[in-house]
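To start, the structure itself, in structure tokens.
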Amino acid sequence: MDAGEQRCFSRTIDISNVDKVFFPDAGLTKGELLDYHVRIAELLLAHLDGRPVAVKRYPDGLEGQGFFQKNAGSHFPDWLRRQDIPKRDGGTLDHVVVDEPAALVYLADQGTIEFHPWLSLADDLEHPVELVLDLDPPAQGEVGAVRQAARQVHTLLDELEVASRIKTSGSAGFHVHVPLDGSAGWDVVSALARSLAEAVCERHPDALTTSHRKQGRTGRVFVDWLRNSYGQTSVAAYSVRARPGAPVATPIDWGELRTVEPRSYDVGNLFRRLGQRDDPWRDDPPAAAAAQVSDRLEALREDG
DNA sequence: GACGTAT
DNA sequence: ATACGTCAACGCATT
DNA sequence: AATGCG
Ligand SMILES: [Mn+2]
Ligand SMILES: [Mn+2]
């Protein structure tokens with residue numbers, strides 16, 4: 622991508638610093654990162670369209686300091702959607718909402734490396750459209766343990782007849798997504814996420830834990846259900862991660878879990894994959910009703 | 001990355 | 001003109 | 001009330 626004013630997805634964006642190195646180990650520049658976002662825009666947008674999105678910006682690349690941003694900056698263009706969103710503490714955010722591909726490119730030009738959407742839509746903040754379980758191994762590179770954890774979560778969800786999908790995190794683990802029908806509020810969804818996490822940990826107490834404090838995990842895979850709250854986010858499918866090698870959080874099929882690792886895909890190789898196969902998350906599976914799933918899970922936990 | 005202030 | 005300082009999130013279980 | 005965590 623060239624510097625200066627570019628016409629991009631029907632918007633004009635003033636691109637800067639295209640030769641600045643953002644990923645030194647991979648030799649990837651900001652311009653190349655912008656190219657990635659132009660190319661991935663359709664798929665990335667498909668998985669966060671209409672949601673409030675927090676961005677993690679690194680204006681000086683991986684070597685510089687990064688920060689989260691939710692509020693739309695005063696200099697952000699008029700066409701970029703923003704929305705007043707109440708905080709739980711009574712305050713208000715002027716939150717970025719992504720609803721067009723140009724927004725992704727604009728934000729990437731602002732130094733955004735990671736996109737972190739809410740689990741609910743801007744038009745219905747109180748009713749999440751998905752539930753996410755984040756599986757983190759005790760240490761980087763413990764792929765076997767976190768793969769096994771993912772299979773165990775999948776098994777439980779299958780028993781509950783709930784459709785689920787998996788992606789690499791681009792970091793150390795995997796994320797399991799459960800599409801929801803929007804019938805339940807955060808209280809129900811958060812409680813369900815907690816019960817799912819606790820249920821799978823009860824089945825495999827030596828391998829899995831829900832302990833939020835690192836100290837309590839003792840070599841086990843952390844099943845993080847706490848993402849499932851109002852105003853919380855998890856990294857988007859097809860977002861780049863701010864890690865060496867420019868890894869990408871990549872949707873995969875359950876059958877790929879045998880071979881794919883958390884950082885298998887990155888900005889440099891993702892399009893080879895997508896050239897050979899469709900987005901594994903292209904077709905929306907049936908969306909679950911959280912309250913009903915909670916009832917079934919309660920019954921399952923009583924029996925055994 | 002953008003902006004305000006100081007040199 | 002250029003350099004420098006400052007700003008850019010949140011929710012919540014647990015202790 | 002403060003902390004740890006993602
Ligand atoms: Mn994680
Ligand atoms: Mn800077």
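Heads up: the first sequence begins at 622 in our numbering, then just goes up one per residue. Glycine included, every Cβ here is placed at the ideal spot set by N, Cα and C. Values in this document were obtained by computation on a predicted structure and should not be read as measured data.
Alpha carbon to alpha carbon, how far is A662 from D670? Give it in angstroms, no decimals.
Working through the first sequence from its first residue, we reach residue 670 at position 49. Working through the first sequence from its first residue, we reach residue 662 at position 41. So the two alpha carbons sit approximately 11 angstroms from each other.
Less than 7 angstroms separating the beta-carbons of F736 and G682?
Working through the first sequence from its first residue, we reach residue 736 at position 115. Working through the first sequence from its first residue, we reach residue 682 at position 61. Contact flag unset, no.
Beta-carbon proximity check, T854 vs W739, cutoff 7 angstroms
In the first sequence, residue 854 corresponds to position 233, counting from 1. In the first sequence, residue 739 corresponds to position 118, counting from 1. Yes, Cβ-Cβ distance for T854 and W739 is below 7 angstroms.
Cutoff 6 angstroms; reference P907; Cβ partners in own chain excluding five residues on either side
Here residue 907 corresponds to residue number 286 of the first sequence, with the count starting at 1. If we look at P907 and ignore the five residues flanking it on each side, its Cβ neighbours are A784.
A743 to P800 span [Cα, whole Å]:
Start at 1 with the first residue of the first sequence, and residue 743 comes out as number 122. Start at 1 with the first residue of the first sequence, and residue 800 comes out as number 179. For A743 and P800, the distance between alpha carbons rounds to 17 angstroms.
Suppose contacts are defined by Cβ-Cβ distances below 7 angstroms. Is V767 in contact with V844 by that definition?
Looking up residue 767 in the first sequence gives position 146. Looking up residue 844 in the first sequence gives position 223. Their beta carbons are not under 7 angstroms apart, which means V767 does not touch V844 by this criterion.
Around ligand 2, which residues pass a check of Cβ closer than 6 angstroms to any of its heavy atoms?
P680, D681
Between the region 772-784 and the region 849-864, are three or more C-beta pairs nearer than 8 angstroms?
no
By Cβ distance, which residues of its chain are closer than 6 angstroms to A675, with the 5 residues on each side in sequence left out?
As a first step, residue 675 is located in the first sequence; it is residue number 54 there, counting from the start. If we look at A675 and ignore the five residues flanking it on each side, its Cβ neighbours are F689, K691, H737, T854.
Identify which residue in S811, V718, T713, P707 has its Cα closest to the Cα of E751.
Locating residue 751 in the first sequence gives position 130, where the first residue counts as 1. When each option's Cα is compared against that of E751, the closest is S811.
Check for me: the beta strand (DSSP E) holding G625 runs from which residue to which?
As a working note, residue 625 is residue 4 in the first sequence. 625-629 is the span of the beta strand (DSSP E), which, as asked, contains G625.
Where does the unbroken beta strand (DSSP E) through A675 begin, and where does it stop?
Residue mapping note: residue 675 aligns to position 54 of the first sequence, counting from 1. It spans 672-678 - the beta strand (DSSP E) in which A675 sits, taken as one unbroken run.
Just to confirm, does D710 get its C-beta within under 6 angstroms of one of the non-hydrogen atoms of ligand 1?
Indexing the first sequence from 1 puts residue 710 at position 89. No, the Cβ of D710 stays beyond 6 angstroms of every heavy atom of ligand 1.
In terms of residues, what are the limits of the beta strand (DSSP E) holding H796?
For the purposes of this step, residue 796 is taken as residue 175 along the first sequence, with counting starting at 1. Note, H796: beta strand (DSSP E), 795-800.
Please tell me whether, using a cut-off of 6 angstroms, the distance from the CB of S695 to the nearest non-hydrogen atom of ligand 1 is below it.
For this step, residue 695 is matched to residue 74 along the first sequence. No; taking the cut-off as 6 angstroms, the Cβ of S695 has no heavy atom of ligand 1 nearer than that.
Under the assumption that S599 contacts P883 (Cβ atoms under 8 angstroms), give the Cβ distance between them as a whole number of angstroms.
Coverage of the chain is limited to positions 622 through 925, which leaves residue 599 absent and any answer about it impossible.
Given that a residue counts as buried once 16 or more other Cβ atoms are within 10 Å of its Cβ, and exposed if not, what is E653?
In the first sequence, residue 653 corresponds to position 32, counting from 1. With 16 or more other Cβ atoms within 10 Å, it is buried.
Alpha carbon to alpha carbon, how far is D779 from I636? Give it in angstroms, no decimals.
Taking the first sequence and counting its residues from 1, the one referred to as residue 636 is at position 15. Taking the first sequence and counting its residues from 1, the one referred to as residue 779 is at position 158. I636 and D779: Cα-Cα distance of roughly 46 angstroms.
Give me the Cβ distance between V719 and L666, rounded to the nearest whole Å; I'm assuming they're in contact under 8 angstroms.
Counting from one through the first sequence, the residue named residue 719 turns up at place 98. Counting from one through the first sequence, the residue named residue 666 turns up at place 45. The pair is a contact, with the Cβ atoms about 7 angstroms apart (cut-off 8 angstroms).
Would you list, in sequence order, the uninterrupted alpha helix (DSSP H) runs of no fewer than 4 residues that lie entirely inside the region 794-850?
807-824
Is it the case that the CB of G762 approaches a heavy atom of ligand 3 more closely than 6 angstroms?
Looking at this structure, you won't find ligand 3 anywhere; what it does contain is ligand 1 and ligand 2.
Could you say which of P707, T733, C822 lies nearest to G687 if we only look at CA atoms?
Taking the first sequence and counting its residues from 1, the one referred to as residue 687 is at position 66. It is T733 whose Cα lies nearest to the Cα of G687.
Limits of the unbroken alpha helix (DSSP H) element including V914:
The residue you call residue 914 lines up with position 293 of the first sequence. Note, V914: alpha helix (DSSP H), 911-924.
Residue range of the unbroken alpha helix (DSSP H) whose run includes P722:
Numbered from 1 along the first sequence, position 101 holds the residue referred to as residue 722. Note, P722: alpha helix (DSSP H), 722-730.
For F643, report the span of its beta strand (DSSP E) as first-last.
Mapped onto the first sequence, residue 643 falls at position 22. F643 -> beta strand (DSSP E) spans 642-644.
What span of residues does the alpha helix (DSSP H) with V767 cover, start to end?
Position 146 of the first sequence holds residue 767. Note, V767: alpha helix (DSSP H), 764-780.
DSSP has K788 in a bridge; who is on the other side?
One-based indexing of the first sequence puts residue 788 at position 167. DSSP, once it has assigned bridges, lists H796, P872 as partnering K788.
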